[in-house]
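These notes are about the structure you will find just below.
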Amino acid sequence: MKSTKIALLIVFIIIAGVAFSQTNTTYKLLTYSRSITGGAQQVDENGKAIDNIRYQYDVFLETSGKTKPIITAFWIKGQPYQVQIVPVKKLPVTLLIEKRKIVLVKQSAQFVWQLLLTPDSSKKSLQTNTYKDLQLNEVVCKLKGNTKNILLKKITELPAIITE
């Protein structure tokens, strides 16, 4: 009788663990930046040189669930961006830089989404928890239905792109 109760308790714990793990989606941000420099030097109306460095970001979101996430707000280094989400169909995601293959997203069982960014010129109001997150992290992502923001403290830098 005691062994039956113990077996039932173990089965219940396993079922509860599986059910909870399926409803609790986990998220991980992978963000890469490349500086783009070169071209004709620009100057302002006073003749002072303007910094001619732009940044290209490659952003990926790994999720444990296959439901497409809905991003309500996204910031890189305090600047807001509008986001378009595209599923990544083939892993690993690689980039060829100076005859070197760099793996951006490894092969995994997670669902991976690429985030295509457009600078957002509209002024969005910041909630108090978001403001603190923006001070402490380089990337902040706010998802619909999530009370916590997805955070990334440091962006991985890739070699610069130098244009003529």
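Numbering of the sequence shown is given in the working numbering, commencing with residue 928 and proceeding in unit increments. Even glycine gets a Cβ: it sits at the ideal position worked out from N, Cα and C.
Buried or exposed: where does VAL1032 fall if 16 or more other Cβ atoms within 10 Å of its Cβ makes it buried?
-> Counting Cβ neighbours within 10 Å, VAL1032 comes out buried, since at least 16 surround it.
Can you tell me whether PRO1086 is buried or exposed, with buried defined as 16 or more other CB within 10 angstroms of its CB?
-> Label assigned to PRO1086: exposed.
Residues near GLN1011 in its chain [Cβ-Cβ closer than 7 Å; skip 5 each side] | Hits under 7 Å: LEU1043.
Label LYS932 either buried or exposed according to how many other C-beta atoms from any shown protein chain fall within 10 Å of its C-beta, with 16 as the threshold for buried.
-> LYS932 sits exposed, since fewer than 16 C-beta atoms from the chains shown fall within 10 Å of its C-beta.
Can you have a look at LYS1059 and say buried or exposed, based on whether 16 or more other CB atoms are within 10 angstroms of its CB?
-> With fewer than 16 other Cβ atoms inside 10 Å of its own Cβ, LYS1059 counts as exposed.
In the region 997-1066, which residue ranges form an unbroken beta strand (DSSP E) of at least 3 residues, counting only runs that do not cross its ends?
-> Fully enclosed beta strand (DSSP E) runs of 3 or longer: 998-1003, 1006-1014, 1020-1024, 1027-1032 and 1038-1046.
Can you say whether PRO996 is buried or exposed, counting buried as having 16 or more other CB atoms within 10 angstroms of its CB?
-> Looking at its Cβ environment, which holds 16 or more other Cβ atoms inside 10 Å, PRO996 is buried.
Distance, Cα to Cα, TRP1176 vs VAL1015?
-> Look at the range of the chain in this structure, 928 to 1091, and you will see that residue 1176 is not part of it.
In or out: ASN973 buried (at least 16 other Cβ within 10 Å) or exposed?
-> Flag for ASN973 reads exposed.
Grab me the residues of ILE1089's own chain with a C-beta within less than 6 Å of its C-beta, minus the 5 sequence neighbours each way, in chain order.
-> The beta carbon of ILE1089 lies closer than 6 Å to those of THR964 and GLY965 in the same chain, with the five residues before and after it left out.
Would you mind giving the Cβ-Cβ distance between LEU1079 and THR958, rounded to the nearest angstrom? I have them listed as a contact below 8 Å.
-> Contact flag correct, Cβ pair sits at about 6 Å.
Residue environment, ILE1082, which counts as buried when at least 16 other CB atoms sit within 10 Å | Classification of ILE1082: buried, given that the 10 Å Cβ count is 16 or more.
From ASN1076 to VAL1067, what does the alpha carbon distance come to, in whole angstroms?
-> Taking C-alpha positions only, ASN1076 is separated from VAL1067 by approximately 7 Å.
In three-state terms, what does DSSP make of THR931?
-> Helix at THR931.
Report the three-state DSSP secondary structure of ILE1082 (helix, strand or coil).
-> Note: ILE1082 maps to coil in three-state DSSP.
Hey, would you say the C-beta of ILE977 is under 7 Å away from at least one heavy atom of the ligand ATP?
-> Judged by which ligands are present, the structure shown has none, so any question about the ligand ATP falls away.
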